[in-house]
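Following: one structure in structure tokens, then a few remarks.
If you want it as structure tokens, here you go:
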């Protein structure tokens, strides 16, 4: 094992087990594809700074240098700080940090200015060197800004800020797109000692206002509009709305991006005009190394975004060093990080890191899939930019990589990407498939691929495959190696530090580093509670991780209630707060779930207030509310309207269950014994499945009808002209016969009927759109061709292809509609039976068949009556026509719509025919066939699944809160069940809150008819306790019929309640049933129990618990 990953002594810490409840679901075997990638190319292996070799000559390898950075922290960072930064005053002490109190100071006594380190010193060396390349929204419209030009721009904005009263320590909000003026504004704040707060330009007015108010920003810098993906973003309009509620703002500096007229206010200042009036020189403020440089708001699990604050020297050193080491970035390189400046990635690896290292950095204003094909391929914007600008390093998010992967390789292969040396991913763990595509297709297996892990709070990359020894392996999907000075550790479920390798737990960092955040602005207590109180002496990252056999680290994802959507961290409470502001919402809960493109999607469970209906309009309004309150990327992907949420008795929502339901992982929900109402979980699962099925059904309906419309249009184009010519020929023949042979009209009609029999013209134009649509329907519905067949060769060829695709599509649609109809009928049957107060309220197979049979008969009879009237057929002939049509046999001897040019003259009749076919097929064919499939071919699988769930449920035993009873049970051989349990409790059991049943000894039952009712004796169906214990209970269970349960393998749960001392405590009672153990027992019911006379046998379950002569009753 490399020395870099040897375990160090364990530090003392407090245990915070509650933070680790999510660790149980992590699976080591699913972690990663462990194929090793060796990066042996000469370019890939150069990851060292010359000064590291010179200053630390005793460290000849990565492992030695890493260990030195951990063991000699002050010497390591102090040396690099003196070497890499320009100081106004030398620092006196490298660090003064305390991980237990959360107080950190680096380079104590030192003074410097960040803007000098990022601009002045490089401008002095070469003012013509390009600092920024602004890749505008439209491709090929880049704008280059040199260090000399950036210097002037920065100083002009700094002077504008000073003229509006901004001084050291004031906060300035920047709400701008990625452009040179935004970067210059950040540097201008650093120039004069103001603290900038960059807000992502996609946030809503309310989100912007909340950040301005929290920071008490004095000035806002924005642009008239933003341009992204071909769309205008109304930045100024948003700012006007936001600052109306921000009394601290005294001026709004507005830059021109588009020059279009925008909403104005009295606070507006034209930034471009103001800059012209100001000097291009501004004396840099001399700042203490621990003065705040910026604050950046990131989502928190409490719902309120937190302003993470970073200082001057420590942050700049760490950002520049990691940028240099991880990406092998050298002087003259063009570094392409496509992140927005509103995120920490944009701060560290678009602005401060690259500029501190004097390289050219890319400002990417557009999206990876803009513009439309023609200028460059829709999925080739990144690659066209790399080719044109000769980008050397590309840093993007796995979300973008997955999106581009779906567009295929041809969009990449057409561009020359030979300039690339390093490919990076950031924001979330990258999946293995995307990693390999990134490596092979984009990097041609010649680039180093670095999957980086870090956070807004860490300031820079903390774990990454590079730096490392030349030629070191890189594994897909994991960041692997800690950065110099970063000491990670894994904490187990009980709060203990896990030594060795092959362990999974919470990722924490053991030693301070210069780039770490100093506080949460205005809430240092929250800072400590979030990061340093969970585990004493450690920085708690909130992420789960695996340390593999060879010491490499892999990140498994967030452990708190923060969702990572496309690399954007979003607090669930923030979305819940937004949903809660809609007038119809009573309560909501938001969780993340796996998403193919975004990494994590947003799944919202919403409870509506009484009187509000769940419909498409409500869901649309809820999404609009979230967009207004937060931003577009925060929109829920799925909104499930529900009647309740899984809560503990203390009222806490069990989000673990919600996440499992959202991710379709309902086979193992874990311990749900603490739920106040377990039935809520079953309702959520059922409605989740219905929601998914409804989405599928709706998609099939839309797809099928779109297919029908397309088919009708194509048939119209192919056949209508030919049909018209045929009608012309027919009319000419008629005229010829009438004139040539002097035939009367009645005689001609007789000849036509007997001889010509030219039917198509009777129905009207067959291949105009209405007739073509009718033809498309009957083809997809498997009925037959109908009135006519295509006459052209192209029409016949299209018909073949059309039918091959359309028939399966139609079948799937009708099956899905039939399934939905069955669900609806089942609900109606249950409601009717409940209203009628019937004992058995379940919808049986016979009930469903009776209802669908009646509905099918009603449709057939209605159709027969209508067709008999319009076609002149007898009722029996009409019924026959309807039957052979809806059973997809074909039109048979009768074809409707054949008289009086009905396709043209009787649109209502034509519409009825189409509705009859489509709806009738859904009911008759769909429902009945689905019933046959459901109850004859699928039942075996359902039984197998239900039995497995029964076993899992029964092993949970009987769990009651307040008086808690836990069974430890098991199965014995010989078709017997034993519950080796003793029921006991303290002397004052009735006055205490808990009575327990443990597996000490004693209580057992062995039944002769185990397969009937979980092993109770046939004679008295009772369980008796062992003898000889003082505090003992006698438990008697009387079993009574409930829907002849021995016949229903899928019956398994009933809600129960316990009454004690006038209180009502919710609980859950779970019984196993016959099919768990084997053969179903269908013998007659046994006689009533000898120990109790049961009048309404098998109508209820009742359990009586007797303790010291008193009785506790649990009724179901």
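Numbering (mature numbering (1 follows the signal peptide of the UniProt record, and there is no 0)), first residue to last: -16 to -1, 1 to 1100. Glycine residues also receive a C-beta, built at the ideal position from the N, C-alpha and C atoms. In this text the structure is predicted, and so the values were computed from the model without any measurement.
Exercise for the section: Quick one: give me the first and last residue of the beta strand (DSSP E) that residue 290 is part of. Expected result: As a working mapping, residue 290 is identified with position 306 in the chain shown. Residues 290 to 295.
Problem - Secondary structure of residue 505, DSSP reduced to three states - result: For this step, residue 505 is matched to residue 521 along the chain shown. Residue state, collapsed to three classes: coil.
Handout entry: Sequence-distant residues of the same chain with beta carbon closer than 6 angstroms to residue 77, five excluded per side
Key = Along the chain shown, read from residue 1 onward, the residue named residue 77 stands at position 93. Excluding positions up to five away in sequence, the list reads 92.
Handout entry: Cβ-Cβ separation, residue 378 to residue 1110 (assumed contact under 8 angstroms), whole Å
Key = What is shown of the chain runs -16 to 1100, which leaves residue 1110 out entirely.
Problem - Residues near residue 616 by beta carbon distance below 8 angstroms, same chain, minus five either side - result: By 1-based counting over the chain shown, the position of residue 616 is 632. Excluding residues within five positions, the ones whose Cβ falls inside 8 angstroms are 186.
Practice task
Report buried or exposed for residue 155, applying the criterion of at least 16 other Cβ atoms within 10 angstroms of its Cβ.
Solution key: Start at 1 with the first residue of the chain shown, and residue 155 comes out as number 171. Residue 155 should be labelled buried.
Practice task
Could you say if the region 502 to 510 and the region 541 to 549 meet the contact criterion of at least three C-beta pairs nearer than 8 angstroms?
Solution key: Contact fails between the region 502 to 510 and the region 541 to 549, because fewer than three Cβ pairs, one in each stretch, are under 8 angstroms apart.
Problem - For residue 46, three-class secondary structure by DSSP - result: For the purposes of this step, residue 46 is identified with residue 62 of the chain shown, where counting begins at 1. Looking at residue 46 - three-state DSSP - the assignment turns out to be helix.
Handout entry: residue 345 beta carbon less than 8 angstroms from that of residue 338
Key = Numbered from 1 along the chain shown, position 354 holds the residue referred to as residue 338. Numbered from 1 along the chain shown, position 361 holds the residue referred to as residue 345. Between residue 338 and residue 345, the gap from beta carbon to beta carbon is short of 8 angstroms.
Handout entry: Distance between residue 138 and residue 173 (C-alpha atoms, nearest Å)
Key = Numbered from its first residue, the chain shown carries residue 173 at position 189. Numbered from its first residue, the chain shown carries residue 138 at position 154. One C-alpha to the other measures close to 9 angstroms.
Practice task
Assess, as a yes-or-no matter, whether the region 180 to 194 is touched by the region 255 to 263 under the definition of 3 or more beta carbon pairs within less than 8 angstroms.
Solution key: They do not touch, by the three-pair rule.
Practice task
Pick helix, strand or coil for residue 732, following the three-state DSSP scheme.
Solution key: In the chain shown, residue 732 corresponds to position 748, counting from 1. Residue 732 falls in the helix class under three-state DSSP.
Practice task
Can you grab the Cα-Cα spacing for the pair residue 125 / residue 384, in whole Å?
Solution key: If you number the chain shown from 1, residue 125 lands on position 141. If you number the chain shown from 1, residue 384 lands on position 400. Whole-angstrom Cα-Cα distance: 22 angstroms.
Practice task
Check each candidate in 572, 889, 380 and 310 and name the one with the smallest Cα separation from residue 450.
Solution key: Position 466 of the chain shown holds residue 450. The option with the nearest alpha carbon to residue 450 is 310.
Handout entry: residue 526 versus residue 594 - alpha carbon distance
Key = Position 542 of the chain shown, counting from 1, holds the residue named residue 526. Position 610 of the chain shown, counting from 1, holds the residue named residue 594. About 38 angstroms.
Problem - Sub-8 angstroms separation of residue 58 and residue 44 beta-carbons - result: Indexing the chain shown from 1 puts residue 58 at position 74. Indexing the chain shown from 1 puts residue 44 at position 60. Residue 58 places its beta carbon 8 angstroms or farther from that of residue 44.
Practice task
Return the chain-ordered list of same chain residues with a C-beta closer than 7 angstroms to the C-beta of residue 653, the five sequence neighbours on each side being excluded.
Solution key: As a first step, residue 653 must be located in the chain shown, where it is residue number 669. Here the set comprises 641, 644 and 665.
Exercise for the section: For residue 794, name the three-state secondary structure that DSSP assigns. Expected result: Numbered from its first residue, the chain shown carries residue 794 at position 810. The three-state secondary structure of residue 794, taken from DSSP, is helix.
Problem - Cβ-based burial, residue 818 [other Cβ within 10 Å; buried from 16] - result: Translated into positions along the chain shown, residue 818 becomes position 834. Within 10 angstroms of the beta-carbon of residue 818 lie fewer than 16 other beta-carbons, which makes it exposed.
Exercise for the section: With a 10 Å radius around its C-beta and 16 neighbouring C-beta atoms as the bar for buried, classify residue 227 as buried or exposed. Expected result: Looking up residue 227 in the chain shown gives position 243. Answer is buried; the Cβ neighbour count reaches 16.
Handout entry: Own chain residues within Cβ distance below 7 angstroms of residue 70, not counting five before or after
Key = To locate residue 70, count along the chain shown from 1; it is residue 86. For residue 70, same chain residues with a beta-carbon under 7 angstroms away, outside a window of 5 residues either side, are 96, 100, 101 and 105 in chain order.
Practice task
Take the Cβ of residue 728 as the centre, count every other Cβ of all protein chains shown within 10 Å, and call the residue buried at 16 or more, exposed below.
Solution key: Along the chain shown, one-based indexing puts residue 728 at 744. If you draw a 10 Å sphere on the C-beta of residue 728, you find fewer than 16 other C-beta atoms in it, and that means exposed.
Handout entry: Of the listed residues 461, 432, 198 and 460, nearest to residue 452 (C-alpha basis)
Key = Translated into positions along the chain shown, residue 452 becomes position 468. Of the candidates 461, 432, 198 and 460, the residue whose Cα lies closest to the Cα of residue 452 is 432.
Practice task
Could you tell me which residues DSSP pairs with residue 437 in its beta bridges?
Solution key: In the chain shown, counting from the first residue as 1, residue 437 sits at position 453. Beta-bridge annotation (DSSP): residue 437 is paired with 447.
Practice task
Determine contact between the region 560 to 576 and the region 603 to 614, defined as no fewer than three beta-carbon pairs at a distance below 8 angstroms.
Solution key: As far as the Cβ criterion goes, the region 560 to 576 touches the region 603 to 614, which means the pair count is three or higher.
Exercise for the section: Indicate whether residue 280 and residue 299 have their beta-carbon atoms separated by less than 8 angstroms. Expected result: Translated into positions along the chain shown, residue 280 becomes position 296. Translated into positions along the chain shown, residue 299 becomes position 315. Taking 8 angstroms as the cut-off, the beta carbon of residue 280 is found no closer than this to the beta carbon of residue 299.
Exercise for the section: Would you kindly work out how many angstroms separate the C-alpha atoms of residue 536 and residue 434, rounded to a whole number? Expected result: Start at 1 with the first residue of the chain shown, and residue 536 comes out as number 552. Start at 1 with the first residue of the chain shown, and residue 434 comes out as number 450. Per the coordinates, the alpha-carbon of residue 536 lies some 14 angstroms from the alpha-carbon of residue 434.
Exercise for the section: Put residue 151 into one of helix, strand or coil per three-state DSSP. Expected result: Residue mapping note: residue 151 aligns to position 167 of the chain shown, counting from 1. Residue 151: coil per DSSP, three-state reduction.
Practice task
Keeping to the same chain, check which residues put their C-beta closer than 8 angstroms to that of residue 592; ignore five residues upstream and five downstream.
Solution key: Counting from 1 along the chain shown, the entry for residue 592 is found at position 608. 568, 569, 570, 598, 602 and 625.
Handout entry: Residue interval of the beta strand (DSSP E) (run including residue 570)
Key = Numbered from 1 along the chain shown, position 586 holds the residue referred to as residue 570. That run of the beta strand (DSSP E) goes 569 to 579.
Handout entry: Beta-carbon contacts of residue 53 that lie in its chain and below 7 angstroms, excluding the five residues immediately before and after
Key = Along the chain shown, one-based indexing puts residue 53 at 69. Only residues of its own chain outside the window of five on either side were considered, and among them 60, 468 and 469 have a CB closer than 7 angstroms to the CB of residue 53, listed in chain order.
Exercise for the section: Would you kindly report the start and end of the unbroken alpha helix (DSSP H) that includes residue 259? Expected result: The count along the chain shown starts at 1 and reaches residue 259 at position 275. Counting along the chain, the unbroken alpha helix (DSSP H) around residue 259 starts and ends at 255 to 261.
Exercise for the section: Find out if the Cβ-Cβ distance for the pair residue 447, residue 472 is shorter than 8 angstroms. Expected result: As a first step, residue 447 is located in the chain shown; it is residue number 463 there, counting from the start. As a first step, residue 472 is located in the chain shown; it is residue number 488 there, counting from the start. The answer is yes: Cβ separation under 8 angstroms.
Practice task
Whole angstroms is fine: what's the gap from residue 1148's alpha carbon to residue 295's?
Solution key: No answer is possible for residue 1148: the residues shown for the chain start at -16 and end at 1100.
Handout entry: residue 838, buried or exposed, once every other Cβ within 10 Å from all chains shown has been counted against 16
Key = The sequence position of residue 838 within the chain shown is 854, counting from 1. So residue 838 counts as exposed.
Problem - Beta-carbon contacts of residue 189 that lie in its chain and below 6 angstroms, excluding the five residues immediately before and after - result: By 1-based counting over the chain shown, the position of residue 189 is 205. Taking C-beta separations shorter than 6 angstroms and ignoring five residues to either side along the sequence, the partners of residue 189 in its chain run 222, 225 and 226, following chain order.
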